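**Q**
2 protein chains.
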Amino acid sequence: MNIGILGLGTVGGGVVNVLNNNKKTIERRTGSEINIAHAAVKNINDETICSTKNILLTEDAFEVVNNPNIDVILELIGGIDLPKKLIEAAIRNGKHVITANKALIANHGNELLDLAKENNTNLLFEASVAGGVPILKSIEQGLGANKIELVAGIINGTGNFILTEMRDKGRSFHDVLKEAQDLGYAESDPTYDVEGIDAAHKLAILSSMAFGCKLEFDNVSTIGISEIEGEDVSYAGDLGYYIKHLGIAKKINDEIEMRVHPTLIPKTTLLANVDGVMNAVLVNGNAVGTTLYYGAGAGSDATASAVIADLLDIMNGTVNNDILGWKELKEFTNKNNNSIESIFYLRFVTSNESDVLDGISSTLKNHNISIESVIQKKIDGMNTHVAVITSKSRTSDITEAVNNIKEHDFVKGVVKIIHVETLN
Amino acid sequence: MNIGILGLGTVGGGVVNVLNNNKKTIERRTGSEINIAHAAVKNINDETICSTKNILLTEDAFEVVNNPNIDVILELIGGIDLPKKLIEAAIRNGKHVITANKALIANHGNELLDLAKENNTNLLFEASVAGGVPILKSIEQGLGANKIELVAGIINGTGNFILTEMRDKGRSFHDVLKEAQDLGYAESDPTYDVEGIDAAHKLAILSSMAFGCKLEFDNVSTIGISEIEGEDVSYAGDLGYYIKHLGIAKKINDEIEMRVHPTLIPKTTLLANVDGVMNAVLVNGNAVGTTLYYGAGAGSDATASAVIADLLDIMNGTVNNDILGWKELKEFTNKNNNSIESIFYLRFVTSNESDVLDGISSTLKNHNISIESVIQKKIDGMNTHVAVITSKSRTSDITEAVNNIKEHDFVKGVVKIIHVETLN
Numbered sequence: 001m002n003i004g005i006l007g008l009g010t011v012g013g014g015v016v017n018v019l020n021n022n023k024k025t026i027e028r029r030t031g032s033e034i035n036i037a038h039a040a041v042k043n044i045n046d047e048t049i050c051s052t053k054n055i056l057l058t059e060d061a062f063e064v065v066n067n068p069n070i071d072v073i074l075e076l077i078g079g080i081d082l083p084k085k086l087i088e089a090a091i092r093n094g095k096h097v098i099t100a101n102k103a104l105i106a107n108h109g110n111e112l113l114d115l116a117k118e119n120n121t122n123l124l125f126e127a128s129v130a131g132g133v134p135i136l137k138s139i140e141q142g143l144g145a146n147k148i149e150l151v152a153g154i155i156n157g158t159g160n161f162i163l164t165e166m167r168d169k170g171r172s173f174h175d176v177l178k179e180a181q182d183l184g185y186a187e188s189d190p191t192y193d194v195e196g197i198d199a200a201h202k203l204a205i206l207s208s209m210a211f212g213c214k215l216e217f218d219n220v221s222t223i224g225i226s227e228i229e230g231e232d233v234s235y236a237g238d239l240g241y242y243i244k245h246l247g248i249a250k251k252i253n254d255e256i257e258m259r260v261h262p263t264l265i266p267k268t269t270l271l272a273n274v275d276g277v278m279n280a281v282l283v284n285g286n287a288v289g290t291t292l293y294y295g296a297g298a299g300s301d302a303t304a305s306a307v308i309a310d311l312l313d314i315m316n317g318t319v320n321n322d323i324l325g326w327k328e329l330k331e332f333t334n335k336n337n338n339s340i341e342s343i344f345y346l347r348f349v350t351s352n353e354s355d356v357l358d359g360i361s362s363t364l365k366n367h368n369i370s371i372e373s374v375i376q377k378k379i380d381g382m383n384t385h386v387a388v389i390t391s392k393s394r395t396s397d398i399t400e401a402v403n404n405i406k407e408h409d410f411v412k413g414v415v416k417i418i419h420v421e422t423l424n
Numbered sequence: 425m426n427i428g429i430l431g432l433g434t435v436g437g438g439v440v441n442v443l444n445n446n447k448k449t450i451e452r453r454t455g456s457e458i459n460i461a462h463a464a465v466k467n468i469n470d471e472t473i474c475s476t477k478n479i480l481l482t483e484d485a486f487e488v489v490n491n492p493n494i495d496v497i498l499e500l501i502g503g504i505d506l507p508k509k510l511i512e513a514a515i516r517n518g519k520h521v522i523t524a525n526k527a528l529i530a531n532h533g534n535e536l537l538d539l540a541k542e543n544n545t546n547l548l549f550e551a552s553v554a555g556g557v558p559i560l561k562s563i564e565q566g567l568g569a570n571k572i573e574l575v576a577g578i579i580n581g582t583g584n585f586i587l588t589e590m591r592d593k594g595r596s597f598h599d600v601l602k603e604a605q606d607l608g609y610a611e612s613d614p615t616y617d618v619e620g621i622d623a624a625h626k627l628a629i630l631s632s633m634a635f636g637c638k639l640e641f642d643n644v645s646t647i648g649i650s651e652i653e654g655e656d657v658s659y660a661g662d663l664g665y666y667i668k669h670l671g672i673a674k675k676i677n678d679e680i681e682m683r684v685h686p687t688l689i690p691k692t693t694l695l696a697n698v699d700g701v702m703n704a705v706l707v708n709g710n711a712v713g714t715t716l717y718y719g720a721g722a723g724s725d726a727t728a729s730a731v732i733a734d735l736l737d738i739m740n741g742t743v744n745n746d747i748l749g750w751k752e753l754k755e756f757t758n759k760n761n762n763s764i765e766s767i768f769y770l771r772f773v774t775s776n777e778s779d780v781l782d783g784i785s786s787t788l789k790n791h792n793i794s795i796e797s798v799i800q801k802k803i804d805g806m807n808t809h810v811a812v813i814t815s816k817s818r819t820s821d822i823t824e825a826v827n828n829i830k831e832h833d834f835v836k837g838v839v840k841i842i843h844v845e846t847l848n
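First to last, the sequence lines map onto chains V and U. As numbered in the numbering used here, residues 1 to 424 make up the first sequence, in order. As numbered in the numbering used here, residues 425 to 848 make up the second sequence, in order.
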């Protein structure tokens with residue numbers, strides 16, 4: 001099996017290293033040799049993290065996808081436009097393609113999978129979600145007997161690192177973000193990580209696998225973690241919750257909801273205890289019940305582990321055809337965000353008057369929302385914080401109620417609305 | 425695809441129910457229909473938990489395995505001798521076989537897999553370990569790029585339920601065991617669960633999958649939980665640990681150690697927080713790092729989920745050939761238990777003399793064992809408890825040291841030796 005690698009950076013270099021280090025183990029599993037024949041790099045004079053011995057190097061990635069001796073292309077460049085053109089060319093040349101590129105799959109997966117189907121090749125992307133954790137294969141094969149009802153994951157390591165540090169050390173969002181950038185966890189432009197776009201890409205992929213529907217990245221409702229303040233982390237803790245940045249996809253009847261947002265989850269759940277840069281995905285199936293998959297969501301060798309798992313499936317002929325073009329896609333309606341039912345955490349900054357809680361609770365009651373628990377705390381001579389856990393309510397009711405509460409004179413600016421999930 | 429089911433009890437009945445309830449979802453994944461054609465039951469007049477409409481029922485299981493129209497046999501009877509004969513007959517008849525029978529695979533898997541290989545059929549057993557959790561497929565396929573270094577799992581739900589209740593409610597082992605029997609979690613003869621034999625069956629299977637070696641159930645060193653006392657649970661807690669009943673398989677160079685025993689693990693690890701009847705398996709690969717897989721280890725529909733996952737692999741042609749006969753089995757030496765290195769928890773009941781701790785620590789020191797942390801607690805006018813966490817030491821050194829300590833006059837009977845694992 002001759003493979004061509006586009007990109008010998010963190011992931012591509014990791015793939016070469018793991019293939020070299022674990023050569024015997026991998027060949028035992030495939031019964032045949034893997035030959036890294038051709039690789040494209042940005043600058044042929046740059047150092048790589050892997051050996052390039054016996055690999056033909058080029059700066060023109062199209063040379064690799066057009067090389068007639070190559071059977072499988074590993075696209076590990078990143079970005080969208082160039083890798084899309086390269087993958088299309090590779091597929092048209094009859095080659096199997098493996099990619100770790102979640103942005104590309106989330107945005108153009110439908111057309112690329114159709115193209116692969118037409119050309120009778122495989123397009124695989126296990127490494128695009130949760131790094132080394134074999135979550136897509138687990139959903140497709142291990143849980144294939146189930147109607148999946150819920151997928152909920154910590155699928156962005158940078159965001160989870162920031163929230164973990166904020167909780168454990170009482171640090172501010174901006175302080176931890178800067179450290180994450182210095183450590184190389186976060187990009188210099190951290191938008192994709194902290195505004196939830198990276199998690200939304202991954203959720204779109206998880207959701208299409210779990211429910212057997214087309215990729216619909218544009219329908220993921222996305223809120224990042226940049227608005228989370230130390231006070232919220234602290235009040236959540238007092239109320240029995242940790243704040244995690246979750247991607248959640250739920251199927252209720254024939255409606256699907258997909259949302260990425262900060263979420264209060266009970267401290268006692270396993271997902272609440274997934275800390276630092278680690279990833280975990282909870283999958284709830286109607287036969288198996290709740291399952292959870294945990295591991296490194298990024299990193300050179302961990303991501304390489306998932307890329308090579310796809311390669312082994314191609315070599316062993318164990319690619320589930322269902323991934324290739326979904327035999328019979330289901331039609332689902334995307335649930336209108338306003339109609340989503342959820343428990344909510346609300347926080348208000350109010351004046352110190354004595355009837356504040358009364359005003360809040362009576363307004364909530366007018367919208368059929370009750371208060372399950374509450375923390376009221378005088379901050380100084382001027383300000384009180386009121387943090388509330390609501391009953392399960394329609395999002396539109398919560399929005400209206402909060403707007404009405406804002407009209408009270410006692411409300412002084414900051415109002416937070418954060419989802420609460422019990423994950424039952 | 426015509427299937428025959430041996431046994432329509434908890435698991436067999438669950439398979440029929442899940443196949444009926446999720447018919448459309450499953451057919452979307454396979455592209456073809458599944459027909460439950462023939463089933464064997466103990467007594468044809470007994471009620472079953474599933475519909476038997478359109479299923480030909482018999483009390484002679486050999487009728488099913490000899491039915492020429494059947495493509496796949498699901499062996500869901502339990503026991504060893506009868507199912508072994510039935511599976512051998514089915515394989516010789518050219519049928520694929522799926523079983524949930526861990527005792528049978530652990531004891532006779534090598535010869536049955538050889539027979540399947542000779543007859544060019546598949547013998548699959550995902551449901552034999554950790555119920556609905558797709559752990560075998562994850563090791564074989566999702567982590568196929570890795571040299572696996574460690575597998576550590578909570579793989580007996582009954583044992584985990586007992587230990588969780590003892591910890592959370594301060595109940596005694598015998599009290600909880602009786603409740604587990606009343607609830608139907610534990611058999612009336614609980615030996616397999618509480619003495620670790622069931623976990624040892626599963627560990628032997630996990631280990632052969634992880635390391636690519638033959639099944640060696642006889643080489644699993646096994647200690648149950650029946651000797652765990654409330655005091656140990658409590659001191660472990662004070663020292664920062666929970667006691668879990670783990671199956672652990674480690675590969676160090678070309679040696680393998682397989683052991684099932686109560687284990688102190690740090691409270692902060694995910695595995696320590698897997699409670700009640702739930703199962704979880706931690707897998708450490710040299711590329712992916714630490715991963716964890718969690719879910720229901722038993723139950724009708726959850727176990728059925730794993731049985732049907734194997735059926736889907738057969739129907740989709742996605743059976744990893746590596747499972748069928750292991751292309752090239754590695755030779756490993758089984759590590760002598762005495763040479764295993766581990767941290768240990770030791771508990772002594774001593775008299776109330778003042779030099780007790782001195783006597784213990786100096787004897788340990790003579791065997792190059794140091795004390796990492798200690799709890800000394802006067803129980804009454806006569807007795808003191810001393811609980812110690814040791815440095816990492818050879819098992820033989822610990823055994824000798826403890827034997828020497830026992831010779832001191834201050835030691836009064838009970839001495840506990842329990843493994844500690846940091847799972848790093």
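Where is the CB? At the ideal position from N, CA and C, for every residue including glycine. No experiment lies behind these values; they were computed from the predicted model shown.
#1: Take the Cβ of Ile-225/V as the centre, count every other Cβ of all protein chains shown within 10 Å, and call the residue buried at 16 or more, exposed below.
#2: The beta strand (DSSP E) spanning Thr-443/V covers which residue range?
#3: My assumption, with CB atoms under 8 Å, is that Tyr-235/V sits in contact with Val-133/V. Please give the rounded CB distance.
#4: To which residues of the same chain is Asp-198/V closer than 6 Å at the C-beta, ignoring the five residues directly before and after it?
#5: Quick one: Cα of Lys-327/V to Cα of Glu-118/V, how far?
#6: Please state whether DSSP places Ser-786/U in a helix, a strand or coil.
#7: Quick check on Asp-678/U: buried or exposed, where buried means 16 or more other Cβ atoms within 10 Å of its Cβ?
#8: Keeping to the same chain, check which residues put their C-beta closer than 8 Å to that of Asn-444/U; ignore five residues upstream and five downstream.
#9: Listed from N- to C-terminal order along the chain, which residues in the segment 560–572 of chain U have their beta-carbon within a distance smaller than 7 Å of any beta-carbon of chain V?
#10: Buried or exposed for Ile-323/V, please, with buried defined as at least 16 other CB atoms from any protein chain shown within 10 angstroms of its CB.
#11: Listing by chain order, which chain U residues have their CB less than 7 Å from the CB of Tyr-294/V?
#12: Across which residues does DSSP place Asn-426/U in a beta bridge pair?
#13: Closest Cβ-Cβ distance between Ala-302/V and chain U: below 8 Å?
#14: What would DSSP say about Leu-271/V, mapped onto helix, strand or coil?
#15: Can you tell me which of the three DSSP states Val-151/V falls into?
#16: What is the rounded straight-line gap between the Cα of Asn-54/V and the Cα of Ala-569/U?
#17: Within 10 Å of its beta-carbon, does Lys-42/V have 16 or more other beta-carbons around it, so buried, or fewer, so exposed?
#18: Less than 8 Å between the C-beta atoms of Val-553/U and Ile-522/U, yes or no?
#19: Between which two residues does the alpha helix (DSSP H) carrying Phe-211/V extend?
#20: Please confirm whether Arg-29/V has its beta-carbon closer than 8 Å to some beta-carbon of chain U.
#21: Using the C-alpha atoms, what's the distance from Asn-762/U back to Arg-818/U?
#22: According to DSSP, what are the bridge partners of Val-800/U?
#23: Going along the segment 531–547 of chain U in order, which residues come within less than 9 Å of chain V, judged by CB to CB distance?
#24: Comparing alpha-carbon positions, which option in Ser-391/V, Glu-149/V, Ala-298/V lies nearest Glu-126/V?
#25: My parser needs the alpha helix (DSSP H) runs of 4 or more residues fully inside the segment 62–107 of chain V; what are they?
#26: On the premise that Leu-432/U lies in contact with Leu-510/U, defined as a C-beta separation below 8 Å, what is that separation, rounded to the nearest angstrom?
#27: Within its chain, find whatever has a CB closer than 6 Å to the CB of Asn-441/U; leave out the 5 residues flanking it on each side and keep chain order.
#28: Going by other Cβ atoms of all chains shown within 10 Å of its Cβ, with 16 needed for buried, is Glu-140/V buried or exposed?
#29: Count the other C-beta atoms from every protein chain shown that fall within 10 angstroms of the C-beta of Met-806/U, then say buried if there are 16 or more, exposed otherwise.
#30: What span of residues does the alpha helix (DSSP H) with Tyr-616/U cover, start to end?
#31: Quick check: the Cα distance between Gly-566/U and Thr-454/U, rounded to an integer number of angstroms?
#32: Excluding the five sequence neighbours on either side, which residues of its own chain have a C-beta within less than 7 Å of the C-beta of Gly-276/V, listed in chain order?
#33: Are the C-beta of Asn-740/U and some C-beta of chain V separated by less than 8 Å?
#34: Please check if any C-beta of chain V sits within less than 8 Å of the C-beta of Ile-667/U.
#35: Expressed to the nearest angstrom, what Euclidean distance is found between the alpha-carbon atoms of Gly-855/U and Asn-740/U?
#36: Can you check which of these residues, Thr-787/U, Leu-663/U, Thr-727/U, Ala-524/U, is closest to Ile-799/U by C-alpha distance?
**A** On the basis of the supplied data:
#1: Classification of Ile-225/V: buried, given that the 10 Å Cβ count is 16 or more.
#2: This structure leaves residue 443/V out entirely; chain V is present only between 1 and 424.
#3: In this structure, Tyr-235/V and Val-133/V do not form a Cβ contact; the two beta carbons are roughly 31 Å apart against a cut-off of 8 Å.
#4: So the qualifying residues of the chain are Asn-156, Tyr-192.
#5: Residue confidence for Lys-327/V is low, a pLDDT of 47 falling below 50, so the modelled location carries little weight; the figure read from the coordinates is stated next. Those two C-alpha atoms are separated by around 13 Å.
#6: If DSSP states are grouped into helix, strand and coil, Ser-786/U belongs with the helices.
#7: The residue is exposed, with fewer than 16 neighbouring Cβ atoms inside 10 Å.
#8: So the qualifying residues of the chain are Cys-474, Ser-475.
#9: Within the segment 560–572 of chain U, the qualifying residues are Lys-561, Ser-562, Gln-565, Gly-566, Leu-567, Gly-568, Ala-569, Asn-570, Lys-571.
#10: Confidence at Ile-323/V is low in this model, with a pLDDT of 49, below 50, so the placement of that residue should be treated as unreliable; the coordinate-derived value is given next. Answer is buried; the Cβ neighbour count reaches 16.
#11: Within 7 Å Cβ-Cβ: Leu-694, Thr-715, Leu-716.
#12: Answer is Asn-459/U.
#13: Yes, Ala-302/V counts as interfacial toward chain U.
#14: It is helical.
#15: Judged by DSSP in its simplified three-state form, Val-151/V adopts strand.
#16: If you take the alpha carbons of Asn-54/V and Ala-569/U, they lie about 21 Å apart.
#17: Counting C-beta atoms within 10 angstroms of its own C-beta, Lys-42/V has fewer than 16 neighbours from the protein chains shown and is therefore classed as exposed.
#18: Result no, Cβ atoms of Val-553/U and Ile-522/U do not sit closer than 8 Å.
#19: Per DSSP, the unbroken alpha helix (DSSP H) holding Phe-211/V starts and ends at 197–211.
#20: When Cβ-Cβ separations below 8 Å define contact, Arg-29/V makes contact with chain U.
#21: Going from the Cα of Arg-818/U to the Cα of Asn-762/U covers about 7 Å.
#22: What sits at residue 800/U in the sequence shown is Gln, not Val. DSSP lists Val-810/U as partners of Gln-800/U.
#23: For the segment 531–547 of chain U, which is checked against every Cβ of chain V, not one residue is closer than 9 Å.
#24: The option with the nearest alpha carbon to Glu-126/V is Ala-298/V.
#25: Runs of the alpha helix (DSSP H) lying entirely within the segment 62–107 of chain V, each at least 4 residues long, are 81–92 in chain order.
#26: About 15 Å; that fails the 8 Å criterion.
#27: Cys-474.
#28: The residue is buried, with at least 16 neighbouring Cβ atoms inside 10 Å.
#29: Result: exposed.
#30: Per DSSP, Tyr-616/U belongs to the alpha helix (DSSP H) from 615–618.
#31: So the two alpha carbons sit approximately 20 Å from each other.
#32: Excluding residues up to 5 positions away in sequence, Asn-160, Phe-161, Thr-164 lie with their Cβ nearer than 7 Å to the Cβ of Gly-276/V in the same chain.
#33: Residue-level contact check: Asn-740/U touches chain V, since one or more beta carbons of chain V fall below 8 Å from its beta carbon.
#34: Against chain V, the CB of Ile-667/U has no partner CB under 8 Å away; the residue lies outside that interface.
#35: The requested residue 855/U is not part of the displayed model; chain U covers only 425 to 848.
#36: From the listed residues Thr-787/U, Leu-663/U, Thr-727/U, Ala-524/U, the smallest Cα separation to Ile-799/U is found for Leu-663/U.
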